[in-house]
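Enquirer: Take this structure, written in structure tokens, and hold onto it; I'll ask about it next.
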Amino acid sequence: KIQIFCHQMSILQHNGSSVIAMAGKNCVAIASDTRFGIDAQTIAFDFSKVWQISDKLFVGLPGLLTDSQTFSEKLKFRVNMYRLREEREMSPRVFSNMVASLLYEKRFGPYFVEPLIAGLDDKNEPFISGMDLIGAPVLAKDFVLAGTADEAMFGMAESLWRPDLSPEDLFEVISQTLMSAFDRDAISGWGAVVHVITPDQVITRTLKTRQD
Amino acid sequence: MEALQFFPSSFQPARQAPLETPKQYSWSPYENNGGTTIAIAGKDFAVVAADTRLSYGYSIHTRNASKLCQLTNKAVLATSGMQADQATLHKTLQMRMITYKQTHRKEMSATALAQMLANTLYYKRFFPYYTFNVLGGVDSEGKGCVFSYDAVGSYERTPYSASGTGQTLLMPLLDNQIAKKNQEGKEVTDLTVEEVVRLVKDTLTSAGERDIYTGDFVDIAIITNEGITYEKFELKLD
Chain Y
10 KIQIFCHQMS
20 ILQHNGSSVI
30 AMAGKNCVAI
40 ASDTRFGIDA
50 QTIAFDFSKV
60 WQISDKLFVG
70 LPGLLTDSQT
80 FSEKLKFRVN
90 MYRLREEREM
100 SPRVFSNMVA
110 SLLYEKRFGP
120 YFVEPLIAGL
130 DDKNEPFISG
140 MDLIGAPVLA
150 KDFVLAGTAD
160 EAMFGMAESL
170 WRPDLSPEDL
180 FEVISQTLMS
190 AFDRDAISGW
200 GAVVHVITPD
210 QVITRTLKTR
220 QD
Chain E
7 MEALQFFPSS
17 FQPARQAPLE
27 TPKQYSWSPY
37 ENNGGTTIAI
47 AGKDFAVVAA
57 DTRLSYGYSI
67 HTRNASKLCQ
77 LTNKAVLATS
87 GMQADQATLH
97 KTLQMRMITY
107 KQTHRKEMSA
117 TALAQMLANT
127 LYYKRFFPYY
137 TFNVLGGVDS
147 EGKGCVFSYD
157 AVGSYERTPY
167 SASGTGQTLL
177 MPLLDNQIAK
187 KNQEGKEVTD
197 LTVEEVVRLV
207 KDTLTSAGER
217 DIYTGDFVDI
227 AIITNEGITY
237 EKFELKLD
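Written as structure tokens, this is what we have:
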């Protein structure tokens, strides 16, 4: 049953989500909360907003979760076709440009997602980028983030991040940033998942968080 | 005109556009002049700090406007929100401090002051002061105290508080660093004055990076049983 509210809530706050990506020394990390909710009702607590595109390329899609799901499937399709035709992996920088183009194609009827891209290129250099829902990209050296707890995450990340973090330190920094931030947001939280991408492997950890 | 009905509809003039829907032009008595305030209570001290930027929309009114008001030698109030209401509120409270001192022959305690501020705010429940207050000081037992308020006087004694445009940026960091939330096996210990002042400087610097309304300078008041000392700290001017 769809509840009708008398005041308009932004569509990007209909489901609630928070995602953050950070760069370290020869590694990147991307993390999201795992709540799936509709307005004030929580439906599931195992819905990660971070999707794996290829071995060392992840994309986080906070916002309207139906678009997050659908848009991730479109992206996987495009990357798979590129791999078949070119017989090589799509680099994160090229992927980021592709995401921006796909979003701008829907300029006057956008996908309600604010993508974050994190990966290592073929020389194992860290790459992160973020963009708004119509594809305006930002290439950052430190961190990118989006979601309903964005201001809270900004405060945490600006204070905790420093350059050249090792994979273990990066994991701690990104986890603390995300958890403390979404604990101050009513519609994000209910668990978290963190992926740390290094040249050798990808380590995925689920965090123990407050379940409210 | 009746003659028009003999013309095919394509030759009929377009129906007159309906009268324009009523537009509501309204003037708001309130405006947000931005800024961030923060207060942290220690074991026997409190630190209250606020940035000094006054904004209006995307412009800056001034880079040097204090949001702090020393009410007694044991309590300092920091107020963000609308500067006009902040100035009036501070003046009103200072007048009431003088009256209290003359009637009771002693300074108001921090807890009494906290209650009085709440009452003053609620008095204007139906045309509120657009102010977001944090009160910091030492109580009559010598322990540090911080009180946080909403615009109409709902208040609570808390170990730390932030308010203003940088509130959402600062509170999670204070949860993490003071209350050690989400950190397994970390004990909540008493912080020293130097640790708290460093934390205040770090948090306000971070807020200044990402909040456009926070910047320029920070006034820091350190309240102990011995008295109140002030520090000024620079932030980015952008």
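Same order as they appear, the protein sequences are chains Y and E. All residue numbers for the first sequence refer to our numbering, where the first residue is 10 and numbers rise by one. All residue numbers for the second sequence refer to our numbering, where the first residue is 7 and numbers rise by one. Just so you know, even glycine gets a beta-carbon here, dropped at the ideal spot from N, CA and C. Model, not experiment: these values are computed from the prediction.
1. Report back the beta-carbon spacing between Y/Gly72 and Y/Leu21 to the nearest angstrom; my notes put them in contact at under 8 Å.
2. When the distance is taken between beta carbons, is Y/Gly200 closer than 8 Å to Y/Asp192?
3. At 7 Å on the CB atoms, spell out the chain E contacts of Y/Phe163, in chain order.
4. Can you give me the Cβ contacts of Y/Cys15 inside the same chain, cut-off strictly under 6 Å, excluding the 5 residues immediately before and after it?
5. If you measure between the beta carbons of Y/Ala149 and Y/Ile29, is that distance less than 8 Å?
6. Quick check: what's the CA-CA separation for E/Pro178 versus E/Asn79?
7. Out of E/Ser32, E/Ala120, E/Pro134 and E/Gly172, point me to the one whose CA is closest to E/Gly214's CA.
8. Which residues share a DSSP beta bridge with Y/Leu125?
9. Any idea if E/Phe133 is buried or exposed, counting beta-carbon neighbours within 10 angstroms, 16 or more meaning buried?
10. Got a sec, what are the start and stop residues for the alpha helix (DSSP H) Y/Ser222 sits in?
11. Closest to E/Leu180 by CA distance: which of E/Tyr136, E/Gln92 and E/Pro165 is it?
12. In whole angstroms, give me the CA-to-CA distance for E/Asn70 and Y/Ser19.
13. For E/Val203, which residues in the same chain have their Cβ closer than 8 Å to its Cβ, ignoring the five residues on either side in sequence?
14. Relative to chain E, which residues along the segment 170–203 of chain Y have a C-beta separation below 7 Å, given in chain order?
15. Can you tell me which of the three DSSP states Y/Thr215 falls into?
16. Under the assumption that E/Asn39 contacts E/Met103 (Cβ atoms under 8 Å), give the Cβ distance between them as a whole number of angstroms.
17. Just mark E/Asn182 as buried or exposed, buried being the case when its beta carbon has 16 or more other beta carbons within 10 Å.
18. For Y/Leu216 and Y/Lys58, I'd like the C-alpha separation in whole angstroms.
19. Below 8 Å between beta carbons: does that hold for E/Gln100 and E/Leu127?
20. From E/His96 to E/Ala56, what does the alpha carbon distance come to, in whole angstroms?
21. Expressed to the nearest angstrom, what Euclidean distance is found between the alpha-carbon atoms of E/Glu190 and E/Thr230?
22. Can you check DSSP and say which residues form a bridge with Y/Ser27?
23. With a threshold of 8 Å between beta-carbons, can E/Lys49 be considered close to chain Y, or not?
24. Consider the C-beta atom of Y/Glu95 and the heavy atoms of the ligand SAH; say whether any pair is separated by less than 7 Å.
25. Identify, in the order they occur along the chain, each residue of the same chain with its Cβ nearer than 8 Å to the Cβ of Y/Asp178, setting aside the five sequence neighbours on each side.
26. Which of helix, strand or coil does DSSP assign to E/Val194?
27. Contact check, E/Gly170 vs E/Gly41 under 8 Å by CB: the rounded distance?
28. Determine, using beta carbons only, whether E/Leu127 comes closer than 8 Å to chain Y.
29. Cβ atoms of E/Gly159 and E/Asn125: under 8 Å apart, would you say?
30. Determine the closest residue to E/Leu241 out of E/Ile218, E/Lys107 and E/Ala93, with distance taken between C-alpha atoms.
31. Based on DSSP bridge pairs, tell me the residues matched to E/Ser169.
32. Alpha carbons only, please: which of Y/Thr43, Y/Cys36, Y/Ile39 and Y/Val37 is nearest the one belonging to Y/Gly25?
33. Between the C-alpha atoms of Y/Ile47 and Y/His23, what's the straight-line distance to the nearest angstrom?
34. If you measure beta-carbon to beta-carbon, which residues of the segment 174–199 of chain E are closer than 7 Å to chain Y?
35. Identify, in the order they occur along the chain, each residue of the same chain with its Cβ nearer than 7 Å to the Cβ of Y/Leu70, setting aside the five sequence neighbours on each side.
36. Is the distance from the Cβ of Y/Ala38 to the Cβ of Y/Val203 below 8 Å?
Expert: On the basis of the supplied data:
1. 5 Å
2. Their beta carbons are not under 8 Å apart, which means Y/Asp192 does not touch Y/Gly200 by this criterion.
3. Within chain E, the residues placing a beta-carbon under 7 Å from that of Y/Phe163 are Leu175 and Arg216, ordered along the chain.
4. Note that Y/Cys15 scores a pLDDT of 47, beneath 50, so its modelled location is shaky and nothing firm can be said.
5. no
6. 30 Å
7. Comparing Cα-Cα distances from E/Gly214 to each of E/Ser32, E/Ala120, E/Pro134 and E/Gly172, the minimum goes to E/Gly172.
8. The bridge partners DSSP lists for Y/Leu125 are Y/Gly69 and Y/Gly139.
9. Residue environment: E/Phe133 is assigned as exposed (fewer than 16 neighbouring CB atoms within 10 Å of its CB, all protein chains considered).
10. For chain Y, the structure presents residues 10 to 221; residue 222 of chain Y sits outside this window and is missing.
11. E/Pro165
12. Annotation: E/Asn70 to Y/Ser19 spans about 36 Å, alpha carbon to alpha carbon.
13. Val53, Ile226, Ile228 and Glu237
14. Gln185, Met188, Ser189, Ala190, Asp192 and Arg193
15. strand
16. So it is not a contact: roughly 24 Å between Cβ atoms.
17. buried
18. 15 Å
19. Inclusion of E/Gln100 and E/Leu127 in the CB contact set at 8 Å is not warranted, their separation being larger than that value.
20. 15 Å
21. 32 Å
22. Y/Gly156
23. no
24. Among the components of this structure there are no ligands whatsoever, and the ligand SAH is therefore not found.
25. Excluding positions up to five away in sequence, the list reads Gly33.
26. Coil.
27. Separation of the CB atoms of E/Gly170 and E/Gly41 is rounded to 5 Å, and the pair is thereby assigned contact status at 8 Å.
28. no
29. yes
30. E/Ile218
31. E/Thr43
32. Y/Thr43
33. 6 Å
34. Flagged, chain order: Thr174, Leu175, Leu176, Met177, Pro178, Leu179, Asp181, Asn182, Lys187 and Asn188.
35. Within the same chain, Y/Leu70 has close Cβ partners Lys58, Trp60, Ser77, Phe80, Ser81, Val122 and Pro124.
36. In this structure, Y/Val203 lies closer than 8 Å to Y/Ala38 by Cβ.
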